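Report on the following structure.
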Amino acid sequence: MPCGATICGVGSYVPERILTNADLEQMVDTSDEWIVSHTGIRERRIAADNQASSDLAIMAAQRALQDAAVRPEDLNLVIVNTLTPDMSFPATACLVEDAIGATNAGAFDMSSGCTGFIYALATGANFIRIQDYEYVLVISAETLTRITNWTDRSTCVLFGDGAGAAVLKPCREGEGLLSYALESYGEHGDLLMLPGGGSRLRLTPELIAQHKDCLEMEGPEIFKLAVRGIPAVAKTALDKAGVSAAQVTAVVMHQANKRILDAAGQRLGIPTERIVCTIDKYGNTSASSVPLALDDIYRRGQLHPGDIVLFVGFGAGFTLGAAVFRWTLEPFSNTTSAPAH
Ligand code: ACO
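My numbering puts the sequence shown at residues 1161 to 1501.
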């Protein structure tokens, strides 16, 4: 009798347009040297004018379904985690459900900042474990560059657009998702926010002129919280799974800053080569960065059944989350490139 949940297909999508550090040097007072040395970012993807988050989500979802060899009509549930929905409502998940033809699925959105994919994985897995669902599609999709203040050099060099998805299905206990830990420190919510446009602050032309329709971030404070919080939440999840850091094959972490990846790896005692890094080519894509990084190593054929994969996220909220998987998918057969666009 299956009572676990595992990933049976992965997919991702990034828009075609590339914005390089050299391009940014023409827009704000910055330099390639500063951006690379402080963040590790070399370029990021920018959604086309006619692409909303759902368009990115649909592409990633279709690739994940194809990889899983699951028909859209066999899905029971579609979950989208995003900070940048197409609109407040209807939910982006409903738009995706319709577009991919998931005619028998329920659909809802979640908002957990850059920790989003881990919150969505845990939620989807529980629908499988508790509700006997057969297939759940979990997606993170972001168009952060739509809420970027392009005159603020301290944030505009960081963000990019993209989407990633995974299909979950039941599995034997002891495989797939072994454990997770989800945390929230709401008292630090003001460190990263989109102040205008919600029910608290209705946008006016004056507020838009002050960029209140754009993301605001206290970067150095988040840096400190992340470097302290990541090892703690990861250790909680590893302990719950009964797995040591030495047994971890790959760490798929939120890609906010190469220095955070390195510092967290050091504190966890996990060698750098086991920490997946895609920040150089995509920047910080918020909730999408974890599934984009997952798809990257998966499509390179670097994950094998039995591998222990540690997912870790942190971001707006302030949220933190970690999940430990015993990987069950065979290595992806086409090792050409990942992800295609
Ligand atoms: N180009 C050149 N100089 C810059 C730039 C830039 N793009 N941005 C800032 N500077 C300058 C500052 O003005 C400052 O100058 P000063 O010393 O003369 O005052 C100097 O560089 C240092 O600035 P800091 O902000 O202290 O730089 P830091 O090394 O902390 O790097 C950064 C900033 C990259 C934002 C880092 O703090 C960081 O990555 N923080 C974490 C962000 C994060 O993890 N967010 C996660 C969640 S994202 C989400 O949920 C959507």
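Glycine included, C-beta positions come from ideal geometry on N, C-alpha and C. What you are looking at is a predicted structure, and each value in this text was computed from that prediction instead of being measured.
Residue i: beta carbon under 7 Å from a heavy atom of the ligand ACO?
| i | result |
| --- | --- |
| residue 1310 | no |
| residue 1245 | no |
| residue 1305 | no |
| residue 1348 | no |
| residue 1383 | yes |
| residue 1439 | no |
| residue 1365 | no |
| residue 1388 | no |
| residue 1283 | no |
| residue 1273 | yes |
| residue 1377 | yes |
| residue 1505 | Residue coverage of the chain in this structure runs from 1161 to 1501, which leaves residue 1505 outside it and unanswerable. |
| residue 1361 | no |
| residue 1195 | yes |
| residue 1355 | no |
| residue 1200 | no |
| residue 1204 | no |
| residue 1181 | no |
| residue 1417 | yes |
| residue 1239 | no |
| residue 1170 | no |
| residue 1393 | no |
For residue i, which residues of its own chain have a beta-carbon under 6 Å away from its beta-carbon, when the five flanking residues on both sides are left out?
| i | result |
| --- | --- |
| residue 1161 | At residue 1161 the pLDDT is 49, less than 50, meaning the model places this residue with poor confidence; the figure from the coordinates comes in the next sentence. The answer is none, since no qualifying residue turns up. |
| residue 1266 | 1237 |
| residue 1497 | Because residue 1497 sits at a pLDDT of 45, beneath the cut-off of 50, its placement in the model cannot be relied upon, and the point is left open. |
| residue 1425 | 1432, 1435 |
| residue 1418 | 1200, 1439 |
| residue 1216 | 1173, 1301, 1323 |
| residue 1223 | 1171 |
Hey, quick one: how far does the alpha helix (DSSP H) through residue i stretch, first residue to last?
| i | result |
| --- | --- |
| residue 1335 | From DSSP, residue 1335 is part of no alpha helix (DSSP H); its letter is neither H nor E. |
| residue 1383 | 1379–1401 |
| residue 1159 | What the structure shows of the chain is the stretch from 1161 to 1501, and residue 1159 is not part of that stretch, so it cannot be assessed. |
| residue 1152 | The question about residue 1152 has no answer here: the residues shown for the chain are numbered 1161 through 1501. |
| residue 1452 | 1449–1459 |
How far does the beta strand (DSSP E) with residue i in it extend, from its first residue to its last?
| i | result |
| --- | --- |
| residue 1172 | 1164–1173 |
| residue 1241 | 1237–1241 |
| residue 1199 | Note, residue 1199: premise wrong, no beta strand (DSSP E); alpha helix (DSSP H) at 1192–1199. |
| residue 1148 | Examination of residue 1148 is not possible in this model, given that the chain is present from 1161 through 1501 alone. |
| residue 1362 | Careful: residue 1362 lies outside any beta strand (DSSP E) and carries neither H nor E. |
Sorted by chain position, which residues of the same chain lie with C-beta nearer than 8 Å to residue i's C-beta, five sequence neighbours on each side aside?
| i | result |
| --- | --- |
| residue 1275 | 1342, 1414, 1447, 1473, 1474, 1475, 1477, 1479, 1480, 1481 |
| residue 1349 | 1476, 1477, 1478 |
| residue 1495 | Below a pLDDT of 50, predicted positions are generally treated as unreliable, and residue 1495, at 42, falls in that range; no measurement from the model is reported. |
| residue 1391 | 1424, 1427, 1428 |
Excluding sequence positions up to five away, which residues of its chain have a Cβ less than 7 Å from the Cβ of residue i?
| i | result |
| --- | --- |
| residue 1382 | 1351, 1352 |
| residue 1315 | 1308, 1309, 1375, 1377 |
| residue 1227 | 1169, 1170, 1171 |
| residue 1423 | 1387 |
| residue 1191 | 1185 |
| residue 1394 | 1428, 1470, 1472, 1482 |
| residue 1293 | 1236, 1237, 1287 |
| residue 1484 | 1338, 1339, 1397, 1398, 1401, 1403, 1468, 1470 |
| residue 1493 | none |
Which one or two residues does DSSP pair with residue i in a beta bridge?
| i | result |
| --- | --- |
| residue 1475 | 1479 |
| residue 1219 | Beta-bridge pairing links residue 1219 to no other residue. |
| residue 1178 | 1205 |
| residue 1485 | 1337, 1469 |
| residue 1376 | 1353 |
| residue 1342 | 1481 |
Please tell me whether, using a cut-off of 7 Å, the distance from the CB of residue i to the nearest non-hydrogen atom of the ligand GDP is below it.
| i | result |
| --- | --- |
| residue 1480 | Summarising the ligand content, the structure contains the ligand ACO and does not contain the ligand GDP. |
Minimum length 3: unbroken beta strand (DSSP E) runs contained in the region 1404–1447: 1410–1413
What are the start and end residues of each continuous beta strand (DSSP E) run of 3 or more residues lying completely inside the region 1244–1279, in chain order? Qualifying beta strand (DSSP E) stretches, in chain order: 1266–1270.
Minimum length 4: unbroken alpha helix (DSSP H) runs contained in the region 1291–1339: Given a length threshold of 4 residues, each whole run of the alpha helix (DSSP H) inside the region 1291–1339 is given here in chain order: 1313–1316.
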